[in-house]
Amino acid sequence: METIEAIRAILEKGNVVAMTGAGISQESGIPTFRGKGGIWERYNPAIYANVAGLFGVFLTKPYRMRDFILEFYETIHNAKPNKAHYILAEMEKRGILNSIITQNVDNLHQEAGSKNVIELHGNMLRFRCTKCMKENKFDEEDLEEFIYRLKRASRLQLIRLIFPKCDCGGRYRPDVVLFGESLPQDEFGRAYVEVENSNSLLLIGTSGIVYPAASLPFYAKEHGVAIIEINPSPTALSHIGDYTILEKASIAMPKIFEFLTPPI
Ligand SMILES: [Zn+2]
């Protein structure tokens with residue numbers, strides 16, 4: 004049997020869990036942080052990817068911090084889900100996909116219509132009060148206004164915009180996992196349960212080098228879950244995959260699911 008047909012046969016059985024990484028977002032115009040052209044080439048992650056570092060930059064070069072944050076949010080604002088995102092959302096609607104476990108923070112899965120998304124590294128569009136834990140999520144309009152105000156903010160307005168005050172007196176911050184911060188244990192717990200209870204794990208655009216997220220496919224393997232990998236080049240996980248398609252997800256996914264017609 005041809006690889007595509009074999010994969011389709013496994014996925015059509017249902018009880019599928021997808022795990023996605025930077026690769027799927029890259030196809031939507033979001034450069035990988037680490038890769039060539041990625042944001043960490045221009046901003047040192049040792050400084051910019053942690054709260055203390057960001058505050059330090061704010062005190063000495065407030066507009067450099069603003070530019071960094073602006074670049075992040077403008078990139079997300081300009082990115083649109085691709086065919087792979089839409090097909091995953093359609094698979095969920097049809098009841099063959101249980102959940103998506105993602106390392107991405109760009110909200111593209113939700114934008115495509117996916118409901119059960121486990122976000123291992125948080126979500127850039129969600130803000131959380133550091134004191135009372137209250138959450139606030141940006142919609143498209145909020146994001147546009149945020150970008151507009153960020154571009155015009157004075158030094159003092161910047162901090163209020165980026166870390167707005169909550170009713171409780173605490174401050175909100177983007178609900179993403181920065182360097183040196185612990186990962187959300189609840190999300191990881193859910194991810195392990197989802198993987199353990201699935202028939203197949205569909206790995207899309209994940210390099211398999213960022214731990215502990217990369218441990219999930221090994222956990223799946225241990226539990227007899229079929230592993231299907233879609234990535235343009237071999238990864239650290241390819242050797243454990245039952246099937247590997249060396250192609251972009253936005254090309255490979257429509258081949259597997261010809262019968263699903265995503266709205267793009
Ligand atoms: Zn609060």
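Each step along the sequence shown adds one to the number in the working numbering, with nothing skipped, and position 20 is 23. Each residue gets a CB set at the ideal place from its N, CA and C atoms; glycine is no exception.
Examine ligand 3 and report whether any of its heavy atoms sits within less than 7 Å of the Cβ of residue i.
i           : result
residue 244 : Ligand 3 is absent from the structure shown, which contains only ligand 1.
Just to confirm the assignment, what range does the beta strand (DSSP E) spanning residue i have?
i           : result
residue 130 : 125-132
residue 104 : 100-105
residue 140 : 138-140
residue 177 : 175-179
residue 198 : Not the beta strand (DSSP E): residue 198 falls in the alpha helix (DSSP H), residues 188-199.
residue 229 : 229-233
residue 248 : 246-248
residue 121 : 120-122
Looking at the secondary structure, which residues open and close the alpha helix (DSSP H) in which residue i lies?
i           : result
residue 6   : 6-15
residue 220 : 218-225
residue 60  : 54-63
residue 204 : No alpha helix (DSSP H) holds residue 204; the beta strand (DSSP E) holding it covers 203-207.
residue 87  : 86-96
residue 165 : 158-165
How many angstroms separate the CA atom of residue i from the CA atom of residue j?
i           : j           : result
residue 20  : residue 57  : 35 Å
residue 180 : residue 104 : 15 Å
residue 266 : residue 107 : With a pLDDT of only 46 at residue 266, under the threshold of 50, the placement of this residue in the model should not be trusted; the figure read from the coordinates follows. So the two alpha carbons sit approximately 22 Å from each other.
residue 92  : residue 63  : 44 Å
residue 241 : residue 209 : 10 Å
residue 199 : residue 243 : 16 Å
residue 183 : residue 8   : 43 Å
residue 218 : residue 73  : 33 Å
residue 28  : residue 253 : 10 Å
residue 145 : residue 195 : 33 Å
residue 68  : residue 246 : 43 Å
residue 109 : residue 117 : 13 Å
residue 197 : residue 156 : 43 Å
residue 46  : residue 150 : 19 Å
residue 48  : residue 39  : 14 Å
If we count the other Cβ atoms within 10 Å of its Cβ and call it buried at 16 or more, is residue i buried or exposed?
i           : result
residue 132 : buried
residue 205 : buried
residue 84  : buried
residue 237 : exposed
residue 102 : buried
residue 81  : exposed
residue 215 : exposed
residue 226 : exposed
Please identify the residue among the options whose C-alpha is closest to the C-alpha of residue i.
i           : options            : result
residue 173 : 130, 207, 211, 193 : 130
residue 79  : 233, 113, 200, 48  : 113
residue 203 : 6, 145, 17         : 17
residue 76  : 54, 217, 34        : 34
residue 135 : 13, 25, 169        : 169
residue 148 : 158, 159, 164      : 164
residue 54  : 232, 175, 160, 233 : 175
residue 24  : 82, 122, 5         : 122
residue 125 : 166, 41, 188       : 188
Quick test of your reading: residue i and residue j, contact by CB under 8 Å. State the CB separation rounded to the nearest angstrom.
i           : j           : result
residue 162 : residue 61  : 7 Å
residue 111 : residue 31  : 6 Å
residue 212 : residue 239 : 5 Å
residue 1   : residue 231 : Residue 1 is absent from the structure shown; the chain starts at 4 and stops at 267.
residue 178 : residue 138 : 7 Å
Consider the Cβ of residue i: report whether some Cβ of chain B lies at a distance smaller than 8 Å.
i          : result
residue 77 : Of the chains in the structure shown, none is chain B; there is only one protein chain.
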